[in-house]
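Reading through the structure tokens given below for one structure.
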Amino acid sequence: MSQKSITELFVVQDFFDIVGGKETIELIKICERKRKAFTDEEISKKMNKKVTEIRAILNKLHFRGIATYQKSRNQKTGWYNYTWELNKPRIAELIIEKQKEYLIKLNEKKSLEAEYYFFDCKKCSERLPFEIAAEYRFICPACGGKMDTLNDPQMQKDTIKKIKKIEEELIILEKIKE
Ligand SMILES: [Zn+2]
């Protein structure tokens with residue numbers, strides 16, 4: 016578990032999508048595998064993307080403190096080379112924030128699921144607690160479909176499992192952060 020890549024953790028995919036766009040998670044995976052500093056040209060070759068696109072992502076990551084770079088002048092060409100590195104403690108810190116938010120939502124969901132029997136519309140995705148569904152005489156207020164109870168203990172189990180997993184991941188992330 017402690018050998019796990021940071022990209023496999025909960026909420027990480029969503030997090031990187033928001034921070035740097037859809038390509039970001041792949042970029043992070045490549046950088047993680049390299050385990051040392053890298054140039055934008057290397058990444059661009061690996062991902063088969065233009066250097067400018069890679070730089071755009073890296074700049075977004077830099078803005079959030081996730082990636083850092085060092086600049087050096089190439090003596091022959093006079094151009095600057097940028098060598099990048101991932102800041103893993105910072106990634107851990109940001110993921111912890113996200114996971115804690117998600118954990119709050121999951122815990123609310125858990126207590127809600129324990130408190131009510133839910134009724135689901137068979138036609139659309141409307142879902143109501145028993146009391147409200149009964150007020151509508153078990154006819155979906157959104158589409159008029161019939162509402163039925165799912166009464167699914169599996170769903171509660173799934174929520175509890177997710178909560179446990181995130182709590183485990185938080186312990187690992189706290190170690191990376193240090
Ligand atoms: Zn409906």
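This note's numbering puts the sequence shown at residues 16 to 193. For glycine and all other residues, C-beta sits at the position ideal for the given N, C-alpha and C.
- In the displayed model, N74 falls within a helix according to three-state DSSP.
- A heavy atom of ligand 1 is found nearer than 8 angstroms to the CB of A157.
- Along the length of the segment 40-114, whole alpha helix (DSSP H) runs at least 4 residues long occupy 55-62, 66-78, reported in chain order.
- One thing to note: I43 has its Cβ no nearer than 9 angstroms to the Cβ of L109.
- The closest CA to that of E146, considering only L188, S140, D135, is found on D135.
- Within a 10 Å sphere around the beta-carbon of D55 sit 16 or more other beta-carbons, which makes this residue buried.
- In the assembly as shown, L143 is a buried residue. Its beta-carbon has 16 or more other beta-carbons within 10 Å.
- Between Q90 and E184, the alpha-carbon positions lie close to 45 angstroms from each other.
- Within the model, the alpha-carbon separation for C139 versus K124 is close to 20 angstroms.
- Annotation for F133: the continuous beta strand (DSSP E) segment containing it runs 133-136.
- Here G80 is exposed, its C-beta having fewer than 16 other C-beta atoms within 10 Å.
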